[in-house]
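A.B. asks: Residue numbers for the sequence shown, in my numbering: 2 to 278. The beta-carbon is built from N, C-alpha and C at its ideal position, and this holds for glycine as well. Values in this document were obtained by computation on a predicted structure and should not be read as measured data. Please find one structure pasted underneath; my questions will follow.
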Amino acid sequence: MSKESEQKGKEKDITFATPKAPFPECLRSPSLVPLFSKKLARMDEMMELFKQVQINLPLLDAILQVPAYAKFLKDLCTTKRKLKTYIPKTVHLTEQVSAVLSNKLPPKLKDPGAPLISCKIGNLQIERALLDLGASVNILPSSVYNHFGFGELKPTEVTLQLADRSLKIPKGFIEDVLVKVDEFYFSVDFLVLDIETSSFGKPQSIILGRPFLATANACINCRSGAMDISFGNKKLRLNIFNAALGPQGEEDYFTADMIDQVVSQCAPETLVNNSSL
2 MSKESEQKGK EKDITFATPK APFPECLRSP SLVPLFSKKL ARMDEMMELF KQVQINLPLL
62 DAILQVPAYA KFLKDLCTTK RKLKTYIPKT VHLTEQVSAV LSNKLPPKLK DPGAPLISCK
122 IGNLQIERAL LDLGASVNIL PSSVYNHFGF GELKPTEVTL QLADRSLKIP KGFIEDVLVK
182 VDEFYFSVDF LVLDIETSSF GKPQSIILGR PFLATANACI NCRSGAMDIS FGNKKLRLNI
242 FNAALGPQGE EDYFTADMID QVVSQCAPET LVNNSSL
């Protein structure tokens with residue numbers, strides 16, 4: 002008996018779900034639906050207006066004035082839709098949009114060029130030493146190293162990857178090389194690298210990377226082309242972009258005089274041809 006009572010209790014607990022019709026709103030009466038009730042009220046109002054309209058005109062005048070009555074009926078039947086979203090009279094813009102609309106953006110400038118400075122290592126004056134924020138090391142050409150004979154190079158396991166993805170293995174590195182910039186002396190560590198010498202006789206330059214810029218406490222203003230460096234309590238301002246505009250030296254100027262050679266070759270032939278005529 003206990004088992005039968007338990008089964009009857011379980012059957013009572015089971016509730017069967019009754020399926021609902023899709024879109025049950027369509028089955029409701031129009032008077033209960035707010036949207037349909039508004040439409041019906043609107044239709045009743047229009048019917049009352051139509052009942053009150055009377056035309057006491059001849060048939061010919063009524064035919065001529067049909068467009069006017071059609072417009073009148075259209076205005077009665079149609080309702081002007083209003084925007085559901087409220088647009089305030091005062092619209093607050095963000096700082097970026099306001100700057101674009103008021104044309105307060107700074108003017109576009111061209112590339113100022115490569116930052117170059119003049120420095121001195123020993124008795125060698127380097128007019129165009131490149132300042133490279135993208136280099137994590139300072140580069141010294143092997144020709145400059147051989148010229149001064151700084152001593153034995155220390156071995157290094159550093160491999161340099163250039164902009165074209167090629168790899169270069171330096172010969173070694175040297176520490177505590179004194180680099181003079183104007184009146185200041187800075188101790189710089191260099192990686193010595195084999196660099197092909199220029200065929201035009203130009204002196205090889207050096208690359209001063211981020212370690213040198215951090216040591217000199219450099220602050221570069223790209224618009225004015227000025228760099229501020231400090232040494233203790235002293236400060237110095239250098240022009241780093243206009244340094245590339247001037248000539249490097251007399252070795253940059255070449256002349257070729259070929260007039261005398263051409264005259265000496267062509268003059269005898271011209272004289273012989275004229276004498277034969």
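So, is residue 51 buried or exposed, given that buried needs 16 or more other C-beta atoms within 10 angstroms?
C.D. replies: exposed
A.B. asks: Which same chain residues, not among the five before or five after residue 155, have their C-beta less than 8 Å away from its C-beta?
C.D. replies: 173, 174, 175, 176
A.B. asks: With distances taken from CA atoms, which of 43, 113, 208, 117 is nearest residue 189?
C.D. replies: 208
A.B. asks: Going by other Cβ atoms of all chains shown within 10 Å of its Cβ, with 16 needed for buried, is residue 107 buried or exposed?
C.D. replies: exposed
A.B. asks: With DSSP as the reference, identify every bridge partner of residue 188, one or two as the case may be.
C.D. replies: 179
A.B. asks: Applying the 10 Å Cβ sphere with the 16-neighbour rule, what's the burial state of residue 186?
C.D. replies: Under this definition residue 186 is an exposed residue.
A.B. asks: Quick one: what does DSSP say residue 72 is sitting in, helix, strand or coil?
C.D. replies: In the structure shown, residue 72 sits in a helix (DSSP, three-state: H, G or I).
A.B. asks: By DSSP, does residue 147 sit in helix, in strand, or in coil?
C.D. replies: Helix at residue 147.
A.B. asks: Run the CB neighbour count on residue 120, radius 10 Å, all protein chains shown included, and call it buried at 16 or more, exposed below.
C.D. replies: buried
A.B. asks: Suppose you measure from the CA of residue 211 to the CA of residue 220; what does that come to, to the nearest Å?
C.D. replies: Cα atoms of residue 211 and residue 220: separation of roughly 12 Å, rounded to the nearest angstrom.
A.B. asks: Answer with buried or exposed for residue 206, where buried requires no fewer than 16 other C-beta atoms within 10 angstroms of its C-beta.
C.D. replies: buried
A.B. asks: Please state whether the Cβ-Cβ distance between residue 132 and residue 194 is less than 9 Å.
C.D. replies: In this structure, residue 194 does not lie closer than 9 Å to residue 132 by Cβ.
A.B. asks: So what does DSSP say about residue 229, is it helix, strand or coil?
C.D. replies: Under the three-state reduction of DSSP, residue 229 is assigned to strand.
A.B. asks: Counting pairs of beta carbons, one from the segment 236 to 243 and one from the segment 109 to 123, are three or more of them closer than 8 Å?
C.D. replies: Contact holds between the segment 236 to 243 and the segment 109 to 123, because three or more Cβ pairs, one in each stretch, are under 8 Å apart.
A.B. asks: Alpha helix (DSSP H) containing residue 212: first to last residue?
C.D. replies: 211 to 216
A.B. asks: Look at the Cβ atom of residue 138, then the Cβ atom of residue 192, and state whether they are nearer than 9 Å.
C.D. replies: yes
A.B. asks: What did DSSP end up calling residue 55 once you bin it into helix, strand or coil?
C.D. replies: Annotated three-state conformation of residue 55 is coil, per DSSP.
A.B. asks: Hey, would you say residue 1 sits closer than 9 Å to residue 171, going by beta carbons?
C.D. replies: What the structure shows of the chain is the stretch from 2 to 278, and residue 1 is not part of that stretch, so it cannot be assessed.
A.B. asks: Can you list, in chain order, the residues of its chain whose CB lies under 6 Å from that of residue 141, leaving out five sequence neighbours each side?
C.D. replies: 191, 193, 207
A.B. asks: Determine the extent of the beta strand (DSSP E) in which residue 158 is found, giving its start and end residues.
C.D. replies: Careful: residue 158 lies outside any beta strand (DSSP E) and carries neither H nor E.
A.B. asks: Cα-Cα, which of 143, 111, 149 is closest to residue 280?
C.D. replies: Lying outside 2 to 278, the shown extent of the chain, residue 280 is not represented and no answer is given.
A.B. asks: Which residue comes first and which comes last in the beta strand (DSSP E) that contains residue 142?
C.D. replies: Element bounds for residue 142: 140 to 142.
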